[in-house]
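Structure record follows, encoded as structure tokens.
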């Protein structure tokens, strides 16, 4: 019988309990595997588990601890990840039929860094086919369910990670975000999720969708867990030439410093006009919380050209995605789900001029955004999911007419920050009238993840309606 | 002028998926046309990573000067 008291701990709590030998890694891993096997099925969030290796690794972790050795802050802690993070010799199906037997020859740098911190990699979680979708539907592997309501979407494309973490089946999980695929499902499932600065986390060994817009980051139940995982996985990597070589900040050092005097900008345009009133209600409540915590809340104008970010991100994603998939689109188009196939196909119809223009525009828009916004405020506060979390049925538009416009609306709030490469964190805000969660996102200038965590943590301590703020000490 | 996909488009122009994909691509391309005048002649895609890195360096230099 699974032990809920173990699974409901935060990542930091369980790592502390293992380190102090209050519980063994073997006990935690066995419990986690049992829960994933029993409850993962109803959510359809599990792609595959590695039980034999997991238990062997747990036994070794316990032996190391009993000898006084610890590999790092996550020693002996089991984690499961989106099924697009390569582990040499282990299948990475990427939510698809085409890769259902794919055996990578490399291991993702992000996973290696977690290994070095002592974490145990015990399985893979379902996702949207090739990470190309925001709702969580998957015609190939079946739809993942929202753990808070089984007929609602969990969001995507990190649908399995969001469902597993939200259902206490995973202490934390790596996802990817190209148009919102960490932040969107985090919001749908009441979680914390961060898309770090572009290049902050190496993309090596993670299935590519769009190499100019792909970001790697964690989904967790608490802000401090998110900060710890981001701390571990970030850093330069010679295997990823786009990774940034900036000095790593300690994201946990000042996380409890509060936000008194910090300037938080509320965008005057673009966001709120497309957001459902129930979502806006919760967004405004969260802004009041920040005000009560001493933040200086100001309305801020965005540059006029910000509105083109969503379209330009679509050009880049479709072009780079279709380039990666060109061979399969020609040889086995029928092996794709219909929606994925159509979105990838649209990339084939952009000219090289369109693609290069979209990349070059990015420099101009980002420069102006930094100048106009972040010379005046420290943090931008914006919505994430513009509508109440829909049911699987009502959002299952597959490739019906208008589906691309629907997806453009869903990604309206998230996609621009993938295009601009700015770090953004989602935090649960409240519930819409259907009882499902909705979140807000905080955005900062490049490489200011520490400030994101500091602000998010301040909010979480004041308003942890969804998951109780756990004792992280 | 044709590219490798011209034949494909010609053969499948009546397929709803292809029609929809073409429409989407045209829509985004048209939107881009309204803004492309902002891009200077010398711009290169690689300038993006410079913008990302330079902002942080500038902030750090400002902080050092103020300290």
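Protein chains in written order, with my numbering: chain A, 1 to 473; chain B, 1001 to 1067. Ideal Cβ positions, reconstructed from N, Cα and C, are used throughout, including at glycine.
Length of the line joining the Cα atoms of residue i and residue j
i	j	result
residue 100 (chain A)	residue 90 (chain A)	11 Å
residue 70 (chain A)	residue 60 (chain A)	11 Å
residue 1026 (chain B)	residue 306 (chain A)	20 Å
residue 295 (chain A)	residue 378 (chain A)	10 Å
residue 559 (chain A)	residue 386 (chain A)	Shown here, chain A extends from 1 to 473; a query on residue 559 (chain A) therefore has no answer.
residue 418 (chain A)	residue 155 (chain A)	17 Å
residue 27 (chain A)	residue 115 (chain A)	19 Å
residue 412 (chain A)	residue 56 (chain A)	45 Å
residue 473 (chain A)	residue 380 (chain A)	With a pLDDT of only 35 at residue 473 (chain A), under 50, the local geometry of the prediction cannot be trusted, and the value read off the model is given with reservation. For residue 473 (chain A) and residue 380 (chain A), the distance between alpha carbons rounds to 29 Å.
residue 469 (chain A)	residue 222 (chain A)	Note that residue 469 (chain A) scores a pLDDT of 39, beneath 50, so its modelled location is shaky and nothing firm can be said.
residue 1036 (chain B)	residue 184 (chain A)	29 Å
residue 1017 (chain B)	residue 3 (chain A)	49 Å
residue 150 (chain A)	residue 190 (chain A)	14 Å
residue 392 (chain A)	residue 442 (chain A)	27 Å
residue 370 (chain A)	residue 48 (chain A)	43 Å
residue 454 (chain A)	residue 253 (chain A)	9 Å
residue 139 (chain A)	residue 38 (chain A)	23 Å
residue 367 (chain A)	residue 357 (chain A)	16 Å
Reduced DSSP category for residue i - H, G, I as helix; E, B as strand; rest coil
i	result
residue 1049 (chain B)	helix
residue 361 (chain A)	helix
residue 97 (chain A)	coil
residue 1013 (chain B)	coil
residue 121 (chain A)	strand
residue 385 (chain A)	coil
residue 353 (chain A)	helix
residue 215 (chain A)	strand
residue 427 (chain A)	strand
residue 299 (chain A)	strand
residue 440 (chain A)	strand
residue 478 (chain A)	Nothing about residue 478 (chain A) can be read from this structure; chain A reaches only from 1 to 473.
residue 1020 (chain B)	helix
residue 432 (chain A)	coil
residue 230 (chain A)	helix
residue 325 (chain A)	helix
residue 1062 (chain B)	helix
residue 379 (chain A)	strand
residue 410 (chain A)	helix
residue 78 (chain A)	strand
residue 458 (chain A)	helix
residue 391 (chain A)	strand
residue 1025 (chain B)	helix
residue 220 (chain A)	strand
residue 106 (chain A)	coil
residue 474 (chain A)	It is not possible to answer for residue 474 (chain A), since the shown part of chain A is limited to 1 through 473.
residue 201 (chain A)	strand
residue 330 (chain A)	helix
residue 374 (chain A)	coil
residue 318 (chain A)	helix
Beta-carbon neighbours of residue i, restricted to chain A and to distances below 7 Å
i	result
residue 1031 (chain B)	308 and 311
residue 1025 (chain B)	346, 349 and 350
residue 1021 (chain B)	342, 345, 346 and 349
Contacts of residue i in chain B (Cβ-Cβ under 9 Å)
i	result
residue 50 (chain A)	Residues of chain B passing the Cβ test: none, with the nearest at roughly 36 Å.
residue 303 (chain A)	Result: empty, since nearest Cβ-Cβ is about 10 Å, beyond 9 Å.
residue 198 (chain A)	1048, 1049 and 1052
residue 325 (chain A)	Those do not exist, as residue 325 (chain A) stays about 13 Å from chain B at its closest Cβ, beyond 9 Å.
residue 55 (chain A)	What residue 55 (chain A) touches in chain B: nothing, since even the nearest Cβ is about 43 Å away.
Proximal residues of chain A, C-beta to C-beta of residue i below 8 Å
i	result
residue 1041 (chain B)	Near residue 1041 (chain B) there are no residues of chain A at all, since even the closest Cβ is about 10 Å away, more than 8 Å.
Chain B residues whose Cβ lies nearer than 7 Å to that of residue i
i	result
residue 363 (chain A)	1043, 1047, 1048 and 1051
residue 354 (chain A)	1029 and 1032
residue 314 (chain A)	1028
residue 446 (chain A)	1052, 1055 and 1056
residue 35 (chain A)	Per Cβ cutoff of 7 Å: no residues; residue 35 (chain A) is ~40 Å from chain B at best.
Listed by chain order, chain B residues near residue i by CB distance under 8 Å
i	result
residue 357 (chain A)	1032, 1036 and 1039
residue 246 (chain A)	1053 and 1056
Amino acids of chain A, ordered along the chain, whose beta-carbon sits closer than 9 Å to that of residue i
i	result
residue 1017 (chain B)	338, 341, 342, 345 and 399
Cβ-heavy atom distance, residue i to the ligand ATP, below 7 Å
i	result
residue 69 (chain A)	No copy of the ligand ATP occurs in the structure displayed, which carries no ligand at all.
Cβ contact check for the stretch 106-123 of chain A and the stretch 65-79 of chain A: 3 or more pairs under 8 Å: yes
Continuous alpha helix (DSSP H) assignments of at least 4 residues falling wholly in the stretch 127-194 of chain A: 159-166 and 183-188
Alpha helix (DSSP H) runs wholly inside the stretch 14-76 of chain A, at least 4 long, in chain order: 25-43 and 51-66
Inter-stretch contact at 8 Å, needing at least 3 Cβ pairs: the stretch 449-468 of chain A / the stretch 278-296 of chain A: yes
Contact the stretch 431-450 of chain A vs the stretch 236-253 of chain A: 3+ CB pairs below 8 Å: yes
Runs of beta strand (DSSP E) lying entirely within the stretch 238-284 of chain A, each at least 3 residues, in chain order: 263-267
The stretch 424-436 of chain A in contact with the stretch 191-198 of chain A per 3-pair CB rule at 8 Å: yes
Touch test, the stretch 342-356 of chain A against the stretch 312-323 of chain A, Cβ-Cβ under 8 Å, three pairs minimum: yes
Contact the stretch 218-229 of chain A vs the stretch 167-175 of chain A: 3+ CB pairs below 8 Å: yes
Segment contact, 8 Å Cβ cut-off, at least three pairs: the stretch 129-144 of chain A with the stretch 11-21 of chain A: no
Contact between the stretch 368-376 of chain A and the stretch 330-342 of chain A (3+ Cβ pairs under 8 Å): no
Given 8 Å, three or more beta-carbon pairs between the stretch 353-365 of chain A and the stretch 1044-1054 of chain B: yes
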